[in-house]
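Written below as C-alpha cells is the structure these notes are about.
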Ligand SMILES: Nc1ncnc2c1ncn2[C@@H]1O[C@H](COP(=O)(O)OP(=O)(O)OP(=O)(O)O)[C@@H](O)[C@H]1O
Ligand SMILES: [Mg+2]
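In our numbering, the protein residues as written are 120 to 412.
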C-alpha cells in the first residue's frame with residue numbers, strides 16, 4: 120500500500136468518525152428539542168385541564184343557581200294558579216250564582232289557560248327538583264300491567280277525540296318496585312306524545328314485556344318519525360323539534376327530558392327508534408331488582 124493510499128484511509132476513517140460524532144450531536148439536540156417540546160406540551164396540557172375543570176365547576180354552579188331560581192319561581196307561581204283555576208271552575212259551574220253564556224265562554228278560556236300554565240309550572244318544578252338531585256321517590260311494590268291499563272283507560276278519551284286507535288299488547292309480568300306516580304307520569308308523557316304528533320286515523324301500540332330481568336314498556340306510533348338530528352336532541356330541556364302537534368296541543372319540549380330523568384332514577388334507560396315518515400317507537404326498561412326507596 121502506497122503512502123498516498125494510507126493517508127486516504129486515515130482521512131476516510133477520520134471523516135467517518137467525524138460524521139458519526141456529528142450524527143450523535145444531531146440526535147442529542149433532537150432528543151433535547153423533543154424533550155423541550157414535551158415539557159411545553161405537558162405544561163400546556165396541564166393548563167388546559169385546569170381551565171377546563173374551572174369552567175366546568177363554574178357551569179355546574181350556574182346550573183344549580185338556575186335550578187334554584189326556576190324552583191322558587193315555579194313554586195311561588197303554583198298556588199296563585201291553582202286558585203285562579205279553582206275560582207274559574209266555581210264560576211263556570213254556577214256555584215257562585217248564574218252566569219251568562221258569553222261570560223261562560225271567557226271563564227272557560229281563563230280555566231283552560233290557567234290549566235296550561237299550571238302544567239308548565241309543574242314541569243318546570245319537576246326539572247328543577249330532578250336536576251338538583253332532590254327527587255325523592257316513593258318506591259313501592261306495583262303491578263306495571265295494571266298501571267298501564269289504568270292509564271290507557273284515561274288516555275282513551277283523548278285518543279277517541281283525535282280518531283287514533285290504541286292497541287295494547289301487555290304480557291302479565293312480575294311485580295316490580297317503582298314510584299307509581301312518577302312511572303305513571305312517564306307513561307302519560309310517552310303515550311301523550313304519540314297521540315299529540317300522530318295523524319287522525321293512525322294507530323298506536325303500547326307493549327309490555329319482561330326481557331332478561333327487566334320490564335320493557337314500548338309505545339309505537341305511525342306519526343312523522345324522527346330525523347337523526349331530532350333523535351340527538353330529544354331528551355334535552357325545551358326541545359321542540361320537527362314534529363308538530365296535529366291537534367293544536369301545547370308543546371313545551373320538557374316532557375321527554377323529565378321522562379329520561381325519572382326512568383334513570385329507577386336504574387333504567389330510555390330508547391328511541393324511528394325514521395322520518397315511518398313512525399317512532401319510544402321504550403323504557405326498568406330493572407326488576409335494585410330499585411331502592
Ligand atoms: N312520538 C313522537 N313522534 C315524533 N316526534 C316526537 C314524538 N315525541 C316527541 N317528539 C318530538 O320531540 C319533541 C320533544 O318532546 P317532549 O315530549 O319533550 O316535548 P313536547 O311534547 O313538545 O312538550 P311537553 O311534553 O313539554 O308538553 C317534540 O316537540 C316533538 O317535536
Ligand atoms: Mg311531550
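Even for Gly, the Cβ is constructed at its ideal location relative to N, Cα and C.
In this chain, the beta strand (DSSP E) harbouring residue 289 covers 284-289. Look at residue 371: its beta carbon is less than 6 angstroms from one of the heavy atoms in ligand 1. Where residue 391 is concerned, the enclosing beta strand (DSSP E) starts and stops at 388-393.
Three or more beta-carbon pairs drawn from the stretch 292-303 and the stretch 257-271 are found closer than 8 angstroms, and the two stretches are therefore classed as touching.
Excluding residues up to 5 positions away in sequence, 248 and 384 lie with their Cβ nearer than 7 angstroms to the Cβ of residue 254 in the same chain. Between residue 308 and residue 387, the C-beta spacing is not below 7 angstroms. DSSP lists 297 as the beta-bridge partner residues of residue 259. Using a Cβ distance threshold of 7 angstroms, residue 318 and residue 365 count as a contacting pair.
Judged by the Cβ position, residue 342 fails to qualify as a neighbour of ligand 2 at the 6 angstroms threshold, every heavy atom of the ligand being at least this far. Looking from the CA of residue 242, the closest CA among 288, 267, 264 and 192 belongs to 192.
The closest CA to that of residue 341, considering only 189, 316 and 213, is found on 316.
Within the stretch 292-353, the runs of beta strand (DSSP E) that reach at least 3 residues and sit entirely inside it are, in chain order, 295-297, 322-330 and 333-339.
Counting only residues whose CB is nearer than 5 angstroms to a non-hydrogen atom of ligand 2, the list in chain order is 312 and 374. Checking the DSSP bridge columns, you'll see residue 400 partnered with 339 and 392. Burial check for residue 166: the Cβ neighbour count within 10 Å stays below 16, so the residue is exposed. Distance from the CA of residue 314 to the CA of residue 168, rounded to the nearest whole angstrom, comes to 47 angstroms. Here the alpha carbon of residue 199 sits roughly 18 angstroms from the alpha carbon of residue 227.
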